[in-house]
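Residue numbers (UniProt numbering), protein chains in the order written: chain G, 1 to 389; chain H, 1 to 575.
Here a beta-carbon is modelled for each residue, glycine too, at the ideal position from N, C-alpha and C.
This structure is a prediction, so every number in the text was calculated from the model and none was measured.
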Ligand SMILES: [Zn+2]
C-alpha cells in the first residue's frame with residue numbers, strides 16, 4: 001500500500017528507518033527513497049506500508065509517530081539530563097533544540113546570561129564572536145571569567161567565555177569565530193538558526209539584520225542592550241508560523257516581523273500612545289552614538305547637553321512632546337556608560353533565552369518585536385513597533 | 001550603574017539564602033556579581049543529574065555532593081574575595097533559631113516546599129528580618145516581599161492544600177489518569193511491596209461481594225512455592241478482572257458513569273507468548289537494585305513511548321517477577337520512589353492497565369513518572385529571571401525603601417503587554433494566626449478524636465509547628481522537647497491516646513487551647529467546638545479548622561503561578 005504523507009518543517013531530517021516494532025508491532029512501514037522530500041515539489045512524501053494487521057487507528061497513530069520523529073531519538077543521557085525541561089516543552093522541542101546552531105556577538109552581561117541559558121537548555125552548537133580583550137569592567141558582570149590575570153591575559157573575551165561555557169554542558173559544541181562581525185560574508189550566516197548581537201552600533205545591527213534576511217532560510221535575529229538598570233531586546237523572526245495553544249485547541253498562527261531598520265523607521269506619531277519612554281530614549285542615545293561615531297555605551301554624563309539637543313531635534317522632527325523622553329531618564333542611561341546592572345542582565349538574558357528557545361522549538365508565543373525592562377518600576381513590557389500602525 | 005548609597009548598602013549587607021537549587025544557583029551568582037560580600041547559604045540537598053540542566057554551578061562530577069558547599073566553591077571561583085558560608089543542613093534544625101536569623105539584614109528564599117517556607121516565614125517574623133520569597137514552575141514564577149507589620153506574611157493567605165482525592169474515586173470510580181496512578185502507587189504497590197501493617201483500602205469495595213470464594217486478605221500473599229509468573233497472573237486477574245466484575249455488580253455506581261471492562265491476563269497475553277520471553281532475563285549482571293528494569297528485560301527502550309495493553313501486561317508481570325527474584329529482601333518495606341526504575345515501571349503498567357479498563361487514555365513511563373513522583377517542571381531561564389528580581393527587591397529593602405517594594409509575577413502570556421508584572425504588596429491580614437496572632441476555631445468530635453490525632457493533623461500538619469506545647473489554662477496537656485522528666489513524657493504519651501473530652505483537663509465545647517512553639521516563637525489560641533458528625537469524603541480528618549480567612553483577592557486576572565508542592569498532585573485523603 002502506498003500513502004502520501006504530509007511532512008513537517010523538518011521533513012528532510014525525518015527518520016527513514018522502518019517503524020520501530022516496539023510501538024506498533026502490527027505495522028511495518030518504509031519511506032520510498034526514490035523520491036526524497038527535499039527534491040519533491042510538494043510537501044509530501046511517499047510511504048510504503050509493508051505489513052499491516054490491526055485496527056486503522058493503530059496505523060494512523062503509527063504514521064503520526066513517524067511524522068513526529070524528525071531526527072534521532074534523544075539518548076538516555078540526554079533524557080536524564082533534560083528531564084525537567086522536557087516536562088515543560090516536550091521531547092520534540094528538545095530534539096529541535098539539540099540540532100540548532102546559534103551565533104552571538106558581544107560577550108557582556110546579558111549575552112553571557114543568554115549563553116548560559118541556552119547551553120544549559122542543550123542547543124546543538126554555540127558560536128561566540130568578540131575580539132575585545134578582558135578589562136576590569138568586563139570582569140565585573142561576567143561570571144565566566146576567572147579573575148586571575150595569568151589565565152586571561154592575551155586572550156579575547158570570546159575565547160575565555162568559550163572555555164567556561166563548554167563546561168556547563170559537554171553535549172553542546174561551543175566555539176569561537178575570530179574576526180569582525182561586519183566582515184563576515186553573507187553566507188557565513190547560513191550555518192545558524194539564530195543570531196544575537198549586542199554591544200554594537202546602529203549600523204552594525206542594521207547590516208547584520210539585512211544579511212540574515214537575504215538568506216534563503218529563515219534566521220532568527222535578536223539585538224540586546226542593557227544600559228543602567230534598563231534593558232531592550234529586539235526580535236526579527238521574519239515570517240514566522242507557529243502553533244498557538246488556546247485551552248485545548250491549537251491553531252496555526254503567522255506573524256510578520258519588520259526588520260530592525262523598518263521598525264525604528266516607524267514614525268513616532270504612528271506609535272500607540274502608551275509606548276514605553278524607554279523605546280524613545282534608547283533611540284536618542286543610539287542616534288547620538290551613531291552620529292558621533294562612538295561605540296555602544298561609550299557615553300558619559302558630560303554628553304548630556306548634546307544628547308538633550310538631539311532629543312529636542314528628534315522630537316520636533318517626529319512631532320512628539322519632549323516630555324515623552326524625560327531628562328532624568330536620559331541622564332540615567334548616560335551615567336551608566338558601559339557599566340552593567342547584573343540583576344537586569346539576568347532578567348534580559350533570561351527573557352532572550354526563552355525567546356530563542358521558543359523560536360527554535362516552534363513552541364509557545366514569541367514576543368513581537370521589542371521587550372523592555374526597567375528595574376526602577378519593575379515592569380517587563382512587550383511593544384509591537386512597526387510602520388504599519 | 002548603582003548609586004553610591006546603593007553600593008554601600010549592598011556591601012554592608014549580611015544575607016541569608018535558603019535553598020541552593022534552581023533559583024538558589026542563579027541567586028548566588030547574581031548576588032555575587034551585584035557586589036554582595038557576606039552570604040550564608042543553607043541547603044540540605046545533594047546534587048542529582050536532573051539538576052544539571054539548570055543549576056549551572058554544578059557539574060556531572062559533583063553528583064552526590066552538598067548543593068550549598070559546591071555552589072559556594074563555584075561562586076568563589078569568579079569572586080574569590082567575598083565571604084560565603086555554606087551549611088549542608090535542614091533550615092529547620094535547631095541551630096537556625098531566632099538568634100541565628102537576627103544576624104541578617106534580609107532573608108532570601110529559593111525553596112521548593114511549603115513546610116520549609118512556613119518555617120522561614122515564622123523565623124523571619126520572630127527575628128524581624130525582611131523576607132523575599134520566590135517560586136517557579138516552568139515559565140511561570142513569582143517574587144514576593146514580606147516585611148513584618150508592613151506587608152502580608154507568607155502565610156497571610158491560605159495556601160492551596162495538596163490536592164487530595166476522595167477514597168472512592170481512587171478505589172472504584174477513577175476518571176483521570178492521575179487517579180489510576182494514585183491507585184497503582186498508594187494501593188497496589190504499597191499492598192504488594194510495602195509495610196503490611198499499614199492501612200490499605202485496596203479492596204474496600206471488593207471483599208464484600210467476592211469474599212465467598214477467597215479470603216481477600218490472602219489474595220496478595222504469595223503462596224508457599226508459588227511460581228512467580230502464576231502469582232503475578234493471579235494478582236493481575238484479581239485486581240483487573242474479579243474486582244472490576246465485583247464492582248460492576250453494584251448497578252447504582254454505574255448509572256451515570258461508563259462501565260469499566262474487566263481485563264484478564266490470559267485474554268491479553270496467552271501463556272504461549274510468555275514462554276518465548278522466559279529466557280530473556282538481561283538483568284542478571286545488574287548490581288544496583290535501583291537499576292533493575294523490566295523494560296531492559298523486554299527490550300523496550302524509549303520512556304516516551306506509550307505501551308500497548310500487551311506491553312503493559314508484560315511489564316507488570318515482569319517487574320513483579322524481578323521484585324521477587326532480585327529484590328526479595330526489600331519486599332515488605334518498600335516505599336515508592338521516583339528514582340526506583342522498577343517501581344516506576346510497575347506503577348506505570350498497573351496504572352495503564354487500570355486506565356484501559358476504565359476507558360482512560362494510557363500514558364508513557366516518562367509521563368507516569370512525572371505524575372507519580374510529583375516532578376517539578378523547571379527551566380533555567382525562569383529561575384534566572386526570578387533571581388534577578390529577588391536581588392532588585394532585596395536591594396530596595398537594604399536601602400530602607402520598603403514602600404517601593406513590589407510583588408512581581410513572571411507570566412507565560414503577556415497581561416496588559418507585561419511579561420513581568422509588578423504589583424504592590426498586600427497589607428498584613430488581620431486574621432492571620434501567624435503574623436497577627438489571631439485566634440482560630442476548631443470543630444471536632446471531642447469524644448472520638450484523640451489528642452494524637454489533634455497533634456498530628458492540626459498542630460503539625462495545619463499549623464506547621466515542630467515542637468508544640470499545648471496548654472489548657474495553666475495545665476500542660478502535651479509538650480515536645482529535650483530535657484523532659486521521664487514520668488512527664490510517660491504522662492504525655494498516655495494523654496496522646498486519650499480522646500479530647502477525657503483528658504486530665506477535659507477539652508470540650510467552649511474550651512480555649514493555647515498552642516506554642518518556642519523554636520518558632522509562635523503562639524496561637526484555638527477555641528474548641530464540639531460537633532457529632534463529619535463528612536468522611538469532604539472532611540476526612542474529622543476536624544474543621546477555621547478562622548484565618550483570605551485577606552484580599554489578587555489583582556492579577558491571569559492565573560498566577562504558585563509554588564508547586566512536593567506532594568501536590570498525588571496526595572489523597574486516607575482516613
Ligand atoms: Zn500573616
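Other residues of its chain near residue i: CB distance less than 7 Å, five sequence neighbours each side excluded
i	result
residue 244 of chain G	250, 251, 253 and 365
residue 305 of chain H	364
residue 336 of chain G	227 and 228
residue 139 of chain G	145 and 147
residue 257 of chain H	173
residue 238 of chain G	213, 218 and 257
residue 182 of chain G	204 and 207
Under the three-state DSSP convention, the category residue i falls into
i	result
residue 201 of chain H	coil
residue 317 of chain H	helix
residue 83 of chain H	strand
residue 387 of chain G	coil
residue 212 of chain H	Confidence in residue 212 of chain H is poor, its pLDDT being 43 and thus under 50, which makes the residue's placement unreliable; the coordinate value appears in the next sentence. Coil at residue 212 of chain H, not helix or strand.
residue 276 of chain G	coil
residue 416 of chain H	coil
Distance CB(residue i)-CB(residue j) smaller than 8 Å
i	j	result
residue 236 of chain G	residue 282 of chain G	no
residue 109 of chain G	residue 385 of chain H	no
residue 537 of chain H	residue 166 of chain H	yes
residue 87 of chain H	residue 23 of chain H	no
residue 380 of chain G	residue 33 of chain H	no
residue 399 of chain G	residue 387 of chain G	It is not possible to answer for residue 399 of chain G, since the shown part of chain G is limited to 1 through 389.
residue 253 of chain H	residue 246 of chain H	no
residue 284 of chain G	residue 330 of chain G	yes
residue 390 of chain G	residue 106 of chain G	Outside the modelled stretch of chain G, which goes from 1 to 389, sits residue 390 of chain G, for which no answer is possible.
residue 313 of chain H	residue 268 of chain H	yes
residue 292 of chain H	residue 326 of chain H	yes
residue 97 of chain H	residue 519 of chain H	yes
residue 134 of chain H	residue 107 of chain H	no
residue 349 of chain H	residue 315 of chain H	yes
Cutoff 8 Å: residue i Cβ touching any chain H Cβ
i	result
residue 52 of chain G	no
residue 330 of chain G	no
residue 155 of chain G	no
residue 344 of chain G	yes
residue 218 of chain G	no
residue 146 of chain G	yes
Contacting residues, own chain, Cβ-Cβ under 6 Å from residue i (five flanking each side not counted)
i	result
residue 544 of chain H	443
residue 277 of chain H	Reliability fails at residue 277 of chain H, whose pLDDT of 48 lies under 50, so the model's placement of it is uncertain and no value is given.
residue 131 of chain G	156
residue 147 of chain H	130 and 402
Proximity to residue i [Cα-Cα], best of the options
i	options	result
residue 73 of chain G	G/343, G/93 and G/376	G/93
residue 220 of chain G	G/344, G/103 and G/376	G/103
residue 117 of chain G	G/388, G/345, G/211 and G/240	G/345
residue 26 of chain H	G/75, G/113 and G/99	G/113
residue 378 of chain G	H/144, H/367 and H/229	H/144
residue 484 of chain H	H/500, H/467, H/473 and H/472	H/467
residue 5 of chain H	H/17, H/70, H/28 and H/35	H/35
residue 387 of chain H	H/85, H/64, H/141 and H/60	H/141
residue 9 of chain H	H/391, H/459, H/527 and H/524	H/391
residue 170 of chain G	G/211, G/124 and G/334	G/124
residue 38 of chain H	H/522, H/437, H/181 and H/104	H/104
residue 352 of chain G	G/338, G/322 and G/194	G/194
is_contact[residue i, chain G] using C-beta, thresh 8 Å
i	result
residue 363 of chain H	no
residue 21 of chain H	no
residue 26 of chain H	yes
residue 78 of chain H	yes
residue 418 of chain H	yes
residue 62 of chain H	no
residue 413 of chain H	yes
residue 29 of chain H	yes
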